[in-house]
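UniProt numbering numbers the first residue of the sequence shown as 1 and each following residue consecutively.
No residue lacks a Cβ here, since even glycine has one placed at the ideal position from N, Cα and C.
Notes follow once the structure below has been shown.
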Amino acid sequence: MAKQSAQTPMMQQYNDLKAQHPDAFLFFRLGDFYELFNEDAIEASKILEITLTSRNKNADNPIPMCGVPHHSAKDYIRKLVEEGHKVAICEQLEDPKLTKGMVKRDVIRVVTPGTILEDEALVGKKNNYLASFVYEAGQYYIAYVDVSTGEIRLTTTANQDLFINELRAIEASEIVLNQTLDENFKTQLKQQVTSYFTEFNPTEPLSIKPWTLTDATSAEEKVLTFLFQYLMSVQKQLNDFVQPVERYEISDFLQMNHYTKSQLELTKSLRTQRKKGSLLWLLDKTKTAMGGRLLQRWLDKPLLSQSALEVRHQKVEILKNAYFERLELVDYLANVYDLERLVTKISMGHANARDLDQLRYSLSQIGPINQVLSAIQQSLTVPVFDLLPSFDELYTLINSQLVEEPPISVTEGELIRDQVSQDLDRFRDALTNGHQWLAELQQREREKTGLKTLKVGFNKVFGYYIEISRLQAAQLNDDRYERKQTLANNERFITEELKELETTILTAQEKSVNLEYQLFTQLRKDVLPYIPGLQALAHQIAALDVLANFAALSEEENYVRAAISQEEGYFKLTDSRHPVVEHLIGQSKFIPNDLLITNDQKMLLLTGPNMSGKSTYMRQVAYCVILNQIGCFVPAKAATLPMVDKIFTRIGSSDDISTGQSTFMVEMMETNTAIRGATANSLLLFDELGRGTATYDGMALAEAIIDYIANEVQAATIFSTHYHELTTLVERLSVLKNIHVGAIEQDGKVVFLHKILDGPADKSYGIHVAQLAGLPDSLILQSREVLTQLEQQAPTRTSADAIPLFDERIFDATTTSNNSENTAVIDELKQLDLNQMTPIEALTTLMQLQNKIK
1 MAKQSAQTPM
11 MQQYNDLKAQ
21 HPDAFLFFRL
31 GDFYELFNED
41 AIEASKILEI
51 TLTSRNKNAD
61 NPIPMCGVPH
71 HSAKDYIRKL
81 VEEGHKVAIC
91 EQLEDPKLTK
101 GMVKRDVIRV
111 VTPGTILEDE
121 ALVGKKNNYL
131 ASFVYEAGQY
141 YIAYVDVSTG
151 EIRLTTTANQ
161 DLFINELRAI
171 EASEIVLNQT
181 LDENFKTQLK
191 QQVTSYFTEF
201 NPTEPLSIKP
211 WTLTDATSAE
221 EKVLTFLFQY
231 LMSVQKQLND
241 FVQPVERYEI
251 SDFLQMNHYT
261 KSQLELTKSL
271 RTQRKKGSLL
281 WLLDKTKTAM
291 GGRLLQRWLD
301 KPLLSQSALE
311 VRHQKVEILK
321 NAYFERLELV
331 DYLANVYDLE
341 RLVTKISMGH
351 ANARDLDQLR
361 YSLSQIGPIN
371 QVLSAIQQSL
381 TVPVFDLLPS
391 FDELYTLINS
401 QLVEEPPISV
411 TEGELIRDQV
421 SQDLDRFRDA
431 LTNGHQWLAE
441 LQQREREKTG
451 LKTLKVGFNK
461 VFGYYIEISR
471 LQAAQLNDDR
481 YERKQTLANN
491 ERFITEELKE
501 LETTILTAQE
511 KSVNLEYQLF
521 TQLRKDVLPY
531 IPGLQALAHQ
541 IAALDVLANF
551 AALSEEENYV
561 RAAISQEEGY
571 FKLTDSRHPV
581 VEHLIGQSKF
591 IPNDLLITND
601 QKMLLLTGPN
611 MSGKSTYMRQ
621 VAYCVILNQI
631 GCFVPAKAAT
641 LPMVDKIFTR
651 IGSSDDISTG
661 QSTFMVEMME
671 TNTAIRGATA
681 NSLLLFDELG
691 RGTATYDGMA
701 LAEAIIDYIA
711 NEVQAATIFS
721 THYHELTTLV
731 ERLSVLKNIH
741 VGAIEQDGKV
751 VFLHKILDGP
761 ADKSYGIHVA
771 QLAGLPDSLI
781 LQSREVLTQL
791 EQQAPTRTSA
801 DAIPLFDERI
811 FDATTTSNNS
821 ENTAVIDELK
831 QLDLNQMTPI
841 EALTTLMQLQ
851 NKIK
């Protein structure tokens, strides 16, 4: 009969520690394994695909249990963290062999998505941010840190939409919170890992502030203190060498909300959600991890400062023209390791000998890089590039102590050069002589015993021994030999002389290994004073890497440096291209297009058939603006562009099922965000607004939106539409210009020219596109017949006509009963001022009028 066992002291210890970390998987060290119990074991066994067993199998309620070997635990921990979980690592703090009773254990570190430091879990060219925020006096304060690089950034805004957008843009692996959020806010953060930390007490600041921030406000101190208190709670230590806080204003950069970045495919393809096919995929040929991370930050926050932008442009142009020197420079940059993450590992005491070797090798590239920069600047009247600091002293420090090719392990010796320590040299001398002594002992014993196959050997369990065959051992008659081990075919012996040699050699070996470890840890500490300088060096190398990358891309893809417009809102692109599409299909196959937007004609109404390239055209205009404002050249033959403060897009359709929002609702919400947030210096790209509702509703909304932008927003706008009725708006809106994508009909089939031409499109070619998609011939034929009938029945609209929101015949007295309700609706409709209505107000009013008619 199974029995219920009482809780053992070990399980009591486990449960006590688990209670302190209820939101983490507890990796509980038992000998050579980390064990998990109860719900942790059940859940972890599924995620990690390991066997679930049980403890106390004969009890009424066996305890679920699973485990992983400690030597391979990193891979299992990484997998759990990548799934968004935390792992609390509990170690044995005492040697079980030397301890009576229960071994003392405690959690030495909690690994979370935002604090993981293992190289295998980090993407080299992507930051891994831990973020937090506080709301105080009507302001949101956001702070985020990359623990692996030591970078800290801080910003603030009073606008909740900007706050949400910034949190999304950061793409933090983990957001730590200390306050209750309303459900709406939680929904908007639903795709991000959140942690709750309740020990925050703003009246008890950290004893040491690891960050540097001058003139910090109380709210800024509060959010930074909270962030680092959380870090201390999970890491059990603070990194004293984080970089100075970078405080920035969101308004200092070109702003793009989450929808815009997604629809423009800046970092991910809309179709695959992968990097390939995105603008970042095309751009990122950087040679260093630091450069790759910086490029992403520049792409996320293009410049608004014209002076700072012109400096970048100048450097790219110089590097573009210095072809051979740039090739040399790129080769040297490729030899530089990830300095930011290396110095973080060094500062936290996690760096091994290979890490210091990588630092040494990276420093050896500084001299050649400076030589190339000097050569590039020889012809310049004023130096443009700052030379890198040499760090000769640090290089000499590491190189004089660390061997050329050190092992990964720092506890097994072979790390430190000869002549670094007299004690270490003595131990090594003893080891060297010891091996010679053993060889001499073996030769003497062979001569004394007459056994030519006798040999002296060693293993970690039995130490040194003399080995002879069992047959010869039976004939051995020597009192000096003491049997030590019997094998199948051999016997092993020990002598007093060999014992003495063993003691001398093994003591030297142990002392040598221990001393090497001490010397290595001291070397690692000696690097600490150089860390702030190394972090600054990393920034210089990263910027140089990105600028050289821009220069190479511009030279290879025939990009041109854009002139900054002197006239507000003036865009002129000659033969502009979509850089990603062009790269995928080849430059010879891509049809380039022009763009002209002036302050007097800021709106382009783009018509043309589906699949003809309207969305591609709008994206390439946005790409030219973004590339220009991050400092890169643009894909065009010639370009003049203004400093754009915001880009808003509505390209493509999407639902948000999780919040119950249809395609049309999402479309209207994004449109509302755009027209309320845009300024006269913004760029709006709208594709097929209004198509998600009834035809007349959609046309009415589209026209009202165009009017509102023209009269109120006055932003540069490309408005793509299938509503050909809207093309007559140019006769009453002087800021509007019709353009279209050319297409011709040959043998009953449409041929796309992919060329942007002046004027409206003559037809939509929708049925032709359906035919290209392979729909049945009978269906296509019926569609043409129905289209002919509809076109014959449809009222002809002149330029003076308003778009018929409803069939006008329902208001005709000859066909409709003349009642007071219809008359009132007509009067109300005539009095509407569409120019003063937002899209949502227009839609609501139309629905009310329609209900009255019904």
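With fewer than 16 neighbouring CB atoms inside 10 Å of its own CB, threonine 503 falls in the exposed class. Methionine 65 sits in a strand when the DSSP states are folded into three classes.
Going by DSSP, cysteine 90 is part of the beta strand (DSSP E) stretching over 86-92.
Leucine 327 sits exposed, since fewer than 16 C-beta atoms from the chains shown fall within 10 Å of its C-beta. By the Cβ-count criterion, aspartate 355 is buried, with 16 or more other Cβ atoms from all chains shown falling within 10 Å of its own Cβ. Following the DSSP letters along the chain, one finds glutamate 120 in no beta strand (DSSP E), marked with neither H nor E. With three or more CB-CB distances shorter than 8 Å, the stretch 285-303 counts as touching the stretch 535-545. Looking at His578, Met10, Arg480, the one whose alpha-carbon comes closest to that of asparagine 56 is Met10.
For glutamate 496, the enclosing alpha helix (DSSP H) covers residues 496-527. Taking C-beta atoms under 8 Å as the contact rule, aspartate 687 and serine 615 qualify, at a distance of about 6 Å. Of the candidates Gly608, Gly569, Thr598, Arg619, the residue whose Cα lies closest to the Cα of valine 581 is Arg619. Within 10 angstroms of the beta-carbon of glutamine 422 lie fewer than 16 other beta-carbons, which makes it exposed. Only exposed fits glutamine 475, as fewer than 16 other CB atoms lie within 10 angstroms of its CB.
Just measuring C-alpha positions, the residue of Met669, Phe719, Glu667 sitting nearest leucine 683 is Phe719. In the structure shown, the three-state DSSP call for asparagine 15 is helix. Within the stretch 525-584, complete alpha helix (DSSP H) segments of at least 4 residues are found at 531-557, given in chain order. In terms of Cβ geometry, asparagine 672 and proline 642 do not form a close pair [threshold 8 Å]. Valine 134: member of the beta strand (DSSP E) spanning 129-136, first to last residue.
Unbroken alpha helix (DSSP H) runs of no fewer than 4 residues, entirely contained in the stretch 390-457, are found at 392-399, 422-449, following chain order. A Cβ-Cβ separation of about 7 Å places isoleucine 466 in contact with arginine 492 under the 8 Å criterion. Proximity to leucine 454 across Ser469, Arg650, Gly463 peaks at Ser469, based on C-alpha coordinates. Taking a cut-off of 8 Å on C-beta distances, the stretch 32-45 touches the stretch 59-71, as three or more cross pairs fall below it. Within the DSSP bridge table, the entry for threonine 649 names Leu685 as partners. Note on geometry: alpha-carbon atoms of arginine 483 and threonine 495 lie some 9 Å from one another.
Excluding its 5 nearest sequence neighbours in each direction, aspartate 357 has C-beta neighbours in its own chain below 6 Å: Pro406, listed in chain order. If you look at leucine 294, you'll find it in the alpha helix (DSSP H) that goes 289-300.
For tyrosine 464, the uninterrupted beta strand (DSSP E) segment begins and ends at 463-469. Assigned with DSSP and collapsed to three states, leucine 227 falls in helix.
Under DSSP, tyrosine 144 shares a beta bridge with Ala131, Arg153. In summary, glycine 450 is exposed, with fewer than 16 beta-carbon neighbours lying within 10 Å of its beta-carbon over all protein chains present. For leucine 641, the secondary structure class from DSSP, reduced to helix, strand or coil, is strand. In terms of Cα proximity to glycine 586, the closest of Glu557, Leu519, Val786, Ala563 is Glu557. Burial check for threonine 286: the Cβ neighbour count within 10 Å reaches 16 or more, so the residue is buried. Within the same chain, Ala158 come within 8 Å of glycine 138 by CB-CB distance, once the 5 residues on both sides are set aside.
Using a Cβ distance threshold of 8 Å, leucine 394 and leucine 415 do not count as a contacting pair.
Under the three-pair Cβ rule at 8 Å, the stretch 77-90 counts as touching the stretch 105-122.
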